[in-house]
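Going down the list, the sequences are from chains A and B. Residue numbering for the first sequence follows the numbering used here, starting at 2 and increasing by one per position. Residue numbering for the second sequence follows the numbering used here, starting at 446 and increasing by one per position. These notes concern the structure reproduced below.
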Amino acid sequence: MSIEVRGLRFSYGERTVLDEINALACPGEILSVIGPNGVGKSTLFHCILGLYNKYDGHIVIDGNDIRGLSIQQMARLIAYVPQSNYPSFNFSVFDMVLMGTSAHISSISTPGKKQMLLADEALEQLGIAHLRNRAYTHISGGERQLTIIARALVQQTKVLILDEPVANLDFGNQLLVLNQIKKLARLGYTVMQATHNPDQTFMFSDRVLALKDGHVLAYGVPAEVVTEDLMQKLYKTDIEVASLYGDKVRICVPKAVINNTY
Amino acid sequence: MPEEKRHINGLWWCFWLGVLLVVIIILSFVWGRYPISPSNLFKIPLSRIFNIDQTWPDQMESILFRVRLPRILLASLVGCSLSAAGASYQGVFQNPMAAPDILGAAAGAAFGAALAILTGQSSMTITLYAFVFGLLTMALVFFISHKTRGKQVIGLILAGIMVGSLFSAGLSYIKLIADTSKKLPDITYWLMGSFNGTTTNKVVLALIPMAISLIPLFLLRWRINVLTLGDEEAQTMGINARRFRIVIIILATLLTAASVAVTGMIGWVGLVVPHLMRRLVGNNYKYLMPASMLFGASFLLLVDNISRNVTETEIPIGILTAFIGAPFFIYLITRKEEAL
């Protein structure tokens, strides 16, 4: 299932946050959205998720404009993984994952055997089955993030949207979570994620959408798009894109560090 | 308690809470200034179906059916309703400190009752006034919050505080102008809450709105879990958060208004009972809602037994629930076992 954004324009009152946004996310691929803070990454996601609907342009999923879809229909198409946060009330990891089945059961019923099986499978798939009965607030940040991803899986969608999935995680947990996301993409999910780390675009993305001042600055394959020129424009810092191990890996290093001018 | 234990035990706890309620109901029939022995308690109702020789005075039968039965039913219903309302409000406002009076419906109902007493209405009319004013308050809160911008939860709570305090001021004014020898004491006593003089008619009157709200709240209970995660998350999981919240609030406010209308102001039950049940069965509304309903009924029934049996003159139940509820709540929130 592909997501296509066509000529999207969004304003908060007088202030235009997004303008002429065009992008395509394909099944089996990870599309990473990069750009400085407040550039409208979250706003773009909110539009795609149907949380905001006062925009111009079109958001099309598999040929269908999402404007005509109900909240329940949307939830069956796209699952959202917000930045992990503390809920007002503590639930067990299993109960948290089970909530992802809401769109598939009637409002006056509770999840049955079939839904519980799905939740257990999702926990298994993400390697956190041992956390099943732990309290959600008593597990690590990485485990919480995996729990929310498991919740997105039981939603049985083909599209995953993740808002900075590894923000606030330690390096090991970042790799753990990003690897799981990559695995899901290879299973056929259409994945869209926001990230602040340009190195991740090389290691964990198939396409990159770079936003600046509400406009698309670049869109394409990371190796072609994420250049020193783009980094300079995005983050107003001179950055060298270094190639390692015969161009298997690329990383971004501030030139000031290399030239010792900090 | 670890979440694991809670998960397995949720159903069992609900079962035992049901048993507890039955036991307290039986004890409530037996206890009283006019004692009814357990054997008579079972024989009298059965005698209506089977042929049993009457070995008890007529007065006992009359007390059982006309005095104890309606009072027990009403105390259980009100306890159940206030606790269910409290648990629901806590969920939809994502706030463990929410109580049934959060949207001012209780203040509105109290104003309605005082107005009816001031104008010399009958007991039934007082109840009706209180109920109607409770619902009027809710409508006013919805109307005002609808005009506010930004988060629905904040708009509702602010509107609730405002409208509630408006009706409290109105109540104070009614007290000021009420005749101090008869009407002011009547209003004051009514506000303290009591199940004294409960009639079968009153029970039926309360049962209608309560059943209309309790049944859907029980059925919708699991979805409240999703709403506690916040509006955006709930919506991406397929729930129209704003609309669902309004539905739950209407049901919970019906319960609050009906409870205040038939008994007066009974505080703390709606806050303390759901809290205690959260400790027992966890935050999952699948178990929390029925546990709160069952224990709420047991709790208020037990307190009503204290209210009518411990001292010569009946202690208003609103005073007792505050006496028991407030210290108990302090104990609950200061226990170090688990941070919420």
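Where a beta carbon is used, it is the ideal one built from N, C-alpha and C, also for glycine. Keep in mind it's a predicted model, so treat the numbers as computed, not measured.
Check: residue i C-beta below 7 Å from any heavy atom of the ligand MN
i	result
B/Val-475	No copy of the ligand MN appears in this structure; indeed no ligand is present at all.
Chain A residues whose Cβ lies nearer than 9 Å to that of residue i
i	result
B/Asn-496	Near B/Asn-496 there are no residues of chain A at all, since even the closest Cβ is about 44 Å away, more than 9 Å.
B/Asn-540	Ser-89
B/Gly-684	A small correction: the amino acid at residue 684 of chain B is Ile; Gly does not occupy that position in the sequence shown. Per Cβ cutoff of 9 Å: Ile-72, Gln-73, Ala-76, Ser-103, Ala-104 and Ser-108.
B/Leu-456	Those within 9 Å of B/Leu-456 in chain A number zero; the least Cβ separation is about 12 Å.
Residue i: contacting residues in chain A (beta-carbon distance under 7 Å)
i	result
B/Arg-687	Simply none; closest approach about 10 Å.
B/Gln-680	Leu-52 and Ile-72
B/Thr-593	Those do not exist, as B/Thr-593 stays about 17 Å from chain A at its closest Cβ, beyond 7 Å.
B/Asn-728	Phe-90, Asn-91 and Phe-92
B/Gly-715	Within 7 Å Cβ-Cβ: nothing; B/Gly-715 doesn't reach chain A, min ~17 Å.
Selected residue, minimal CA-CA separation from residue i, among the options
i	options	result
B/Met-682	A/Met-100, A/Glu-229, A/Ala-211 and A/Gly-173	A/Met-100
B/Leu-699	B/Gly-531, B/Lys-592 and B/Val-464	B/Gly-531
A/Asn-23	A/Leu-118, A/Gln-126 and A/Gly-215	A/Gly-215
B/Thr-708	B/Leu-573, B/Asn-729 and B/Arg-511	B/Leu-573
B/Thr-758	B/Asp-624, B/Phe-460 and B/Gly-477	B/Gly-477
B/Ser-529	B/Gly-600, B/Ala-702, B/Val-586 and B/Arg-493	The question names Ser, but residue 529 of chain B in the sequence shown is Ala. It is B/Ala-702 whose Cα lies nearest to the Cα of B/Ala-529.
B/Leu-601	B/Leu-548, B/Ala-520 and B/Leu-563	B/Leu-548
A/Ser-85	A/Glu-165, A/Arg-135, A/Ser-3 and A/His-47	A/Glu-165
A/Tyr-87	B/Asn-754, B/Phe-744, B/Leu-585 and B/Gly-675	B/Gly-675
A/Asp-200	A/Glu-241, A/Ile-79, A/Ser-71 and A/Ser-141	A/Glu-241
B/Ser-507	B/Tyr-479, B/Ala-520 and B/Ser-521	B/Tyr-479
A/Gly-39	A/Ala-26, A/Leu-19 and A/Leu-50	A/Leu-19
B/Ile-691	B/Leu-665, B/Ser-743, B/Val-705 and B/Leu-765	B/Leu-665
B/Ser-521	B/Val-755, B/Thr-593, B/Phe-744 and B/Val-718	B/Phe-744
B/Ile-606	B/Ala-742, B/Ala-543 and B/Lys-488	B/Ala-543
A/Lys-256	A/Asp-239, A/Asp-96 and A/Ala-243	A/Asp-239
A/Asn-54	A/Ser-12, A/Arg-16 and A/Ile-62	A/Ser-12
A/Thr-44	A/His-139, A/Leu-163, A/Ala-243 and A/His-131	A/Leu-163
A/Arg-16	A/Ser-107, A/Val-178, A/Lys-159 and A/Gly-41	A/Gly-41
B/Arg-753	B/Phe-510, B/Ile-693 and B/Thr-643	B/Thr-643
B/Gly-536	B/Val-512, B/Leu-672 and B/Pro-772	B/Leu-672
B/Ile-517	B/Tyr-730, B/Val-648 and B/Gly-727	B/Val-648
B/Leu-633	B/Met-710, B/Arg-513 and B/Phe-538	According to the sequence provided, residue 633 of chain B is Thr. The question's Leu does not apply to it. Closest option to B/Thr-633, Cα to Cα, is B/Met-710.
Within 8 Å, strictly: CB atoms of residue i and residue j
i	j	result
B/Ile-469	B/Leu-746	yes
B/Met-655	B/Gly-763	no
B/Phe-578	B/Gly-595	no
A/Gln-156	A/Ala-76	yes
A/Val-94	A/Thr-148	yes
A/Lys-213	A/Gly-36	yes
A/Ala-264	A/Asn-91	Nothing about residue 264 of chain A can be reported from this structure: the residues present for chain A run from 2 to 263 only.
B/Leu-659	B/Ser-473	no
A/Leu-132	A/Glu-144	yes
B/Trp-501	B/Ile-562	no
A/Ala-168	A/Leu-124	no
B/Ala-706	B/Tyr-534	no
Contact list for residue i against chain C, beta-carbon separation under 7 Å
i	result
A/Thr-111	Absent from the structure is chain C; the protein chains it does hold are A and B.
8 Å Cβ cut-off: residues of chain A touching residue i
i	result
B/Val-671	Met-100 and Ser-103
B/Gly-600	Result: empty, since nearest Cβ-Cβ is about 18 Å, beyond 8 Å.
B/Leu-518	What B/Leu-518 touches in chain A: nothing, since even the nearest Cβ is about 26 Å away.
Exposure of residue i, with buried meaning 16 or more beta-carbon neighbours within 10 Å
i	result
B/Leu-721	buried
A/Ile-129	buried
B/Leu-739	buried
B/Ser-626	exposed
A/Ala-195	buried
B/Leu-785	Any answer about B/Leu-785 is weak, because its pLDDT of 40 lies below 50 and its placement is not dependable; what the coordinates show is given next. The residue in question, B/Leu-785, is exposed, as its Cβ has fewer than 16 Cβ neighbours within 10 Å.
A/Val-1	In the structure as shown, chain A starts at 2 and stops at 263, and residue 1 of chain A therefore has no counterpart that could be examined.
B/Ala-584	exposed
A/Gln-181	buried
B/Pro-515	buried
A/Gly-113	exposed
B/Glu-448	For B/Glu-448, the pLDDT reaches just 49, beneath the cut-off of 50, and the residue's location in the model is therefore unreliable, leaving the point undetermined.
A/Ile-4	buried
Under 7 Å from the C-beta of residue i: neighbouring residues of chain B
i	result
A/Ser-108	Leu-665 and Arg-668
A/Tyr-236	Correct list: empty, because the minimum Cβ distance to chain B is about 28 Å.
A/Asp-121	By Cβ distance, chain B contributes nothing, its closest Cβ being about 13 Å from A/Asp-121, past 7 Å.
A/Tyr-246	None at all; the shortest Cβ gap to chain B is about 39 Å.
Residues that residue i contacts on chain B, provided the C-beta gap is smaller than 9 Å
i	result
A/Asp-164	None at all; the shortest Cβ gap to chain B is about 10 Å.
A/Gln-156	Thr-681, Met-682 and Gly-683
A/Tyr-190	Ordered by position in chain B, no residue passes the 9 Å Cβ test against A/Tyr-190, which lies about 16 Å from the chain.
Three or more C-beta pairs closer than 8 Å, one from the stretch 682-695 of chain B and one from the stretch 555-569 of chain B: is that the case here?
no
Examine the Cβ distances between the stretch 192-208 of chain A and the stretch 16-33 of chain A and report whether three or more of them are shorter than 8 Å.
yes
Decide if the stretch 55-69 of chain A is in contact with the stretch 6-14 of chain A; the criterion is three or more beta carbon pairs, one per stretch, under 8 Å apart.
yes
Please confirm if the stretch 74-84 of chain A is in contact with the stretch 111-127 of chain A, defined as three or more CB-CB distances below 8 Å between the two stretches.
no
Is it a yes or a no for the stretch 62-74 of chain A touching the stretch 225-237 of chain A, going by three-plus beta-carbon pairs under 8 Å?
no
Could you check whether the stretch 216-228 of chain A touches the stretch 175-191 of chain A, counting it as contact only if at least three pairs of C-beta atoms, one from each stretch, sit closer than 8 Å?
no
Does the contact criterion of 3 or more C-beta pairs under 8 Å hold for the stretch 457-476 of chain B versus the stretch 245-254 of chain A?
no
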